[in-house]
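Below: the structure, in structure tokens.
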Amino acid sequence: MTTSHVGLMIVFALFVSIVFATLMRDDPKQQLRFGAQLFAAFVLGGIALGWILYFFPL
Amino acid sequence: MRATTADREQSAIYTYLICLAAWAIPGAGHLLLGRIQKGITFLVALTLMFLCGLWLEGRLFPLEIRQPLVALAALADMGIGVMFFVARGAGAGAGRVVALTYEYGNAFLIVAGLLNMLVVLDAFDITQGRK
Chain A
857 MTTSHVGLMI
867 VFALFVSIVF
877 ATLMRDDPKQ
887 QLRFGAQLFA
897 AFVLGGIALG
907 WILYFFPL
Chain B
53 MRATTADREQ
63 SAIYTYLICL
73 AAWAIPGAGH
83 LLLGRIQKGI
93 TFLVALTLMF
103 LCGLWLEGRL
113 FPLEIRQPLV
123 ALAALADMGI
133 GVMFFVARGA
143 GAGAGRVVAL
153 TYEYGNAFLI
163 VAGLLNMLVV
173 LDAFDITQGR
183 K
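Sequences listed follow chains A and B, in order. For the first sequence, this note's numbering begins at 857 and goes up steadily by one. For the second sequence, this note's numbering begins at 53 and goes up steadily by one.
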């Protein structure tokens, strides 16, 4: 298993997406679809936020 | 009238037991309520998330009231149920602050506990017939 920052962020997003999708949808197909959307949103949002913060160093 | 009151009491006890089981073992509440797929998903996902947190050298925080943020983190950690106490009893979750993955480990441990609290609330809603 990876311990890179992006890798851990992806693993974290995967777990949270699985749990939220299972909580919020009853049909397995809908769970899969909603989970995939959540996962993509988390990962893309994290990368976008990373790039925004890149231009504003502490 | 007496039977109705007894039924209500029994129903309340049943609800509390389901919530207790759901807290103690992630997904157990859903499994007891017959939601097998959801129960197994919660059990696997939350257990793996908690174990990842330990593997990443996160800390299982002690319940220190004098340090409010530490106490809040401890309450969130305890949300995962029996696993928290087993891990602490086994000496895991000491946390190594200088480890590169320390903060990630904390995030995994805390969020696993908080997500299990949401799972408990979901099990509660099912017992109340809301879902």
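All C-beta atoms, glycine included, are put in the ideal place defined by N, C-alpha and C.
Inset, instruction - Return yes when the Cβ of Lys90/B is within less than 8 Å of the Cβ of Thr878/A, no when it is not. - result: Position 22 of the first sequence holds residue 878/A. Position 38 of the second sequence holds residue 90/B. Yes, Cβ-Cβ distance for Thr878/A and Lys90/B is below 8 Å.
Inset, instruction - State yes or no: is the beta carbon of Leu84/B nearer than 8 Å to at least one beta carbon in chain A? - result: The count along the second sequence starts at 1 and reaches residue 84/B at position 32. False, the Cβ-Cβ gap to chain A never drops below 8 Å.
Legend entry - Contacting positions in the segment 90–112 of chain B - beta carbon closer than 9 Å to chain A: Lys90, Thr93, Phe94, Val96, Ala97, Leu98, Leu100, Met101, Cys104, Trp107, Leu108
Inset, instruction - May I ask you to list the residues that DSSP assigns as paired with Ala146/B? - result: For the purposes of this step, residue 146/B is taken as residue 94 along the second sequence, with counting starting at 1. Ala146/B is bridged to Arg111/B.
Legend entry - CA-to-CA distance, Ile908/A to Leu85/B, given in whole angstroms: Locating residue 85/B in the second sequence gives position 33, counting from the first residue. Locating residue 908/A in the first sequence gives position 52, counting from the first residue. For Leu85/B and Ile908/A, the distance between alpha carbons rounds to 45 Å.
Inset, instruction - Compare the C-beta of Thr179/B against all C-beta atoms of chain A and say whether one is closer than 8 Å. - result: One-based indexing of the second sequence puts residue 179/B at position 127. Cβ-Cβ to chain A under 8 Å: no for Thr179/B.
Legend entry - Coarse secondary structure for Gly902/A, derived from DSSP in three states: Mapped onto the first sequence, residue 902/A falls at position 46. Of the three classes helix, strand and coil, the one that applies to Gly902/A here is helix, per DSSP.
Inset, instruction - Specify whether the segment 100–108 of chain B and the segment 157–176 of chain B touch according to this definition: at least 3 beta carbon pairs, one from each stretch, less than 8 Å apart. - result: yes
Legend entry - Top-ranked residue by Cα proximity to Val150/B, from Gln180/B, Leu121/B, Glu109/B: Taking the second sequence and counting its residues from 1, the one referred to as residue 150/B is at position 98. Nearest C-alpha to Val150/B: Glu109/B.
Legend entry - Beta carbon proximity, Thr67/B to chain A, threshold 8 Å: Start at 1 with the first residue of the second sequence, and residue 67/B comes out as number 15. Not one chain A Cβ lies under 8 Å of Thr67/B.
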